[in-house]
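Everything on this sheet refers to the single structure shown next.
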Amino acid sequence: MNIRNDVQKALQHLFGRTAVPQETSKVNEALNGEKRLLLGKVLRLLGDQHALIQVGNQTVQGKLEAQLRPQAYYWFSYEKKTAEQTGRLQVVQSFDQNPKTIQDAAGKLLNAISVKTSNAALMMTGAMLKSKTPVTENDIKTAVRWMDTLPSQDTKKAVETVLFALKRDLPIHSEILNGVHAVKSPVPLHQHVSQLLQAIDQNPQQSQMMSKLKEAVTVLLNSEIDVHAERLIDKLISLTDNTKAPSPANTAGSRELSTPVGSPGKASLPVANHTAEQRSIQEEPVKTAADIPIKEARQLLVKLTESAEKNSLEIVKEAANWIKAAASSGDSKSLAASAVLQAAQVTDQEAEVFLKAVQQTAPHLADKADVLSFLSKVKTAIGARDEVAFIKAFEQGSAVTSGEMQSIKLALSALRASHEVAEPVKQEADQLFHKLNGQLFMQHDHPSYSQIVMSFPMFSKSGVQDMTVLFKGKKGADGKLDPSHCRLLFLLQLDTLKETVVDCLVQQKVMIITIETDFELQAAIDPMVPALKQGLKEMGYSLSGVNAKKRVHTEEKASIDQYITSISDQEVDVKI
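Residue numbering for the sequence shown follows full-length UniProt numbering, starting at 1 and increasing by one per position.
Below is the structure:
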């Protein structure tokens, strides 16, 4: 979490330095020797015709050329010579909260800074005035230029994005605005990934960059089946004589939580058909380990290892291929006849044993270990830990490179920097890049609490397509998060329940859970509460209640930003 906050601050600093190429956003630097228009709030009068003015997240002192009211807002013309300690303030426009006055002030300001008074520009500038947010001339010009690149139907959301950035003291930079705007979009993350993969497949000319990006996306899509493969290998090892099992060198790497590193060409595997796998593997009842004979388990492990070496794959990838063959086979005979197992000379009896092992080791998202392993793989595939590489590249003005298998973030960054990518692919790559990067700008580190936002495209055969986690935790006296006072929001995209929100509020280790869907679920949830209460008790928490809430539909589709705003504006130790 500290790393994510450090990355966010570094990006803010970097984008702040480059917010507008021709006009620096540093107030003190920008105002030396030239006159600028600023929207500022009078913090206090200092006497001798001087006042302290807040402009953005900075303050300036100036000599007044007219009387001002403390705590009021004005458009100032501010001029400061290099040798002067304080500049001169001249009131251009004062305003109050009357809508007509705000519109007039917005129009006059846009004319004064030579910005076309379009409907979008007037709406955005007027919203800034209503929010009482101090801004600079550069903020307005950059925001208007950015809004001009968006469809007209996105104007309202774009204004909200700009106000969100200003409220968080984020630099008004197109990359930051694109990131925040993408996160606030209701389009699920898994949909962006799917659309990108489709655009790559439909492109007639496949470049090396697109191949690397497709490979990175494929690793993400296969995260759950890789967890399954690891569990399967561990199962076979546990059933056999460890002295005759494959050496730790062949299996240890397969059980790591990070994505295995291998030959890029050989590591790219076909995407698993999760729906087919779900049907074929779960048709038969799960059987116990006693049903798996040790002799066949040992033979399977040996053949699996030999096949992995022959195909120059790590054993977990070879096991994943075998599991996919099991998913597409109706029974053990057709499984044994599949090309993958035939090449490994697997017998009918061994195929039957393998199918049993596959059924027994299928991961479940209700299991803590499976969930942690799965999410760790998803995070690694996305590139959640690659932000440091981005910072170094930005500072050095170079491209982000990696000699190993690239994460989606690194592959996206390389592709976006290329001029040889087809426009449909680039558009989808931009959308996904901003959706992933925008999460960094949603972080909020306050002296009394911390807020984190993380999204995971799941592509799970268990029916989970997307998961976004919003965490807000109260800090103790030592600055560490207090687990007895926090709030967790899980935003899930599910096959059956569709958009589902699970809201967990913890106060003094007492948890209240609210589940919001489009359905009446209370009767279905109540029988599960005792087991949940017992599980929380073992963790040192008590459960006050689990409430099912049927969603009240509005004209606008629900999106993550309404929950971010809700969790940001309220403390964790009061009733939400």
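Virtual Cβ for every residue (Gly too), placed ideally from N, Cα, C.
Counted within 10 angstroms of its Cβ, other Cβ atoms place residue i as buried (16 or more) or exposed
i: Gln-508; result: exposed
i: Met-539; result: exposed
i: His-446; result: exposed
i: Asn-321; result: buried
i: Leu-31; result: Note that Leu-31 scores 45 on pLDDT, short of 50, meaning its location in the model is unreliable and no value can be drawn from it.
i: Ala-330; result: Position check: residue 330 holds Gly in this sequence, whereas Ala was assumed. When all chains shown are included, Gly-330 counts as exposed.
i: Ala-369; result: exposed
i: Met-128; result: buried
i: Arg-44; result: exposed
i: Leu-415; result: buried
i: Asn-138; result: buried
i: Gly-383; result: buried
i: Asn-119; result: exposed
i: Ala-339; result: exposed
i: Leu-372; result: exposed
i: Glu-420; result: exposed
i: Ala-524; result: exposed
i: Gly-126; result: buried
i: Gly-47; result: exposed
i: Phe-374; result: buried
i: Thr-240; result: buried
i: Ser-448; result: exposed
i: Ala-417; result: exposed
i: Gln-206; result: exposed
i: Pro-457; result: buried
i: Gln-522; result: exposed
i: Gln-202; result: exposed
i: Glu-314; result: buried
Integer-rounded CB distance, given that residue j should sit under 8 Å from residue i
i: Met-124; j: Val-162; result: 6 Å
i: Met-147; j: Thr-136; result: About 17 Å; that fails the 8 Å criterion.
i: Val-353; j: Pro-293; result: 6 Å
i: Val-464; j: Met-454; result: The Cβ separation is near 15 Å, so there is no contact.
i: Lys-498; j: Asp-518; result: 6 Å
i: Thr-133; j: Lys-167; result: 7 Å
i: Ala-319; j: Val-219; result: About 15 Å; that fails the 8 Å criterion.
i: Val-546; j: Leu-532; result: 7 Å
i: Leu-355; j: Ala-326; result: 6 Å
i: Leu-196; j: Glu-428; result: 4 Å
i: Val-346; j: Glu-230; result: That pair is no contact at about 20 Å.
i: Lys-461; j: Glu-224; result: 6 Å
C-alpha distance - residue i paired with residue j, whole-angstrom precision
i: Gly-341; j: Leu-335; result: Inspection of the sequence shows that residue 341 is occupied by Leu rather than by Gly. Roughly 7 Å separates the two Cα atoms.
i: Val-60; j: Thr-86; result: 8 Å
i: Val-502; j: Lys-63; result: 54 Å
i: Lys-435; j: Gln-349; result: 48 Å
i: Ala-422; j: Pro-188; result: 24 Å
i: Pro-530; j: Lys-184; result: 36 Å
i: Gln-493; j: Phe-459; result: 10 Å
i: Lys-409; j: Ser-211; result: 14 Å
i: Val-378; j: Ala-216; result: 11 Å
i: Ser-450; j: Leu-536; result: 23 Å
i: Gln-191; j: Lys-81; result: 53 Å
i: Ala-112; j: Asp-169; result: 25 Å
i: Asn-178; j: Arg-298; result: 54 Å
i: Phe-433; j: Ser-332; result: 43 Å
i: Gln-198; j: Leu-221; result: 13 Å
i: Phe-76; j: Pro-70; result: 14 Å
i: Gln-58; j: Tyr-541; result: 44 Å
i: Gln-103; j: Val-552; result: 34 Å
i: Asp-226; j: Ala-357; result: 15 Å
i: Ser-194; j: Val-55; result: 43 Å
i: Ala-158; j: His-181; result: 7 Å
i: Arg-385; j: Thr-500; result: 28 Å
i: Lys-235; j: His-228; result: 10 Å
i: Pro-151; j: Leu-543; result: 47 Å
i: Glu-296; j: Ala-344; result: 14 Å
i: Gln-208; j: Lys-214; result: 10 Å
i: Leu-232; j: Leu-301; result: 10 Å
Inter-stretch contact at 8 Å, needing at least 3 Cβ pairs: the segment 304-321 / the segment 355-374: no
Within the chosen definition, does the segment 474-486 reach the segment 512-530 through at least 3 CB pairs nearer than 8 Å? no
Is the segment 162-182 touching the segment 130-145 in the sense that three or more CB pairs, one from each, lie closer than 8 Å? yes
Mind pulling the beta strand (DSSP E) runs of 3 or more residues that sit fully within the segment 492-548? 498-507, 510-517
Where are the alpha helix (DSSP H) runs, 4 residues long or more, that stay fully inside the segment 144-182, in chain order? 155-167
Ordered list of alpha helix (DSSP H) runs contained in the segment 87-136, each at least 4 residues: 99-112, 119-131
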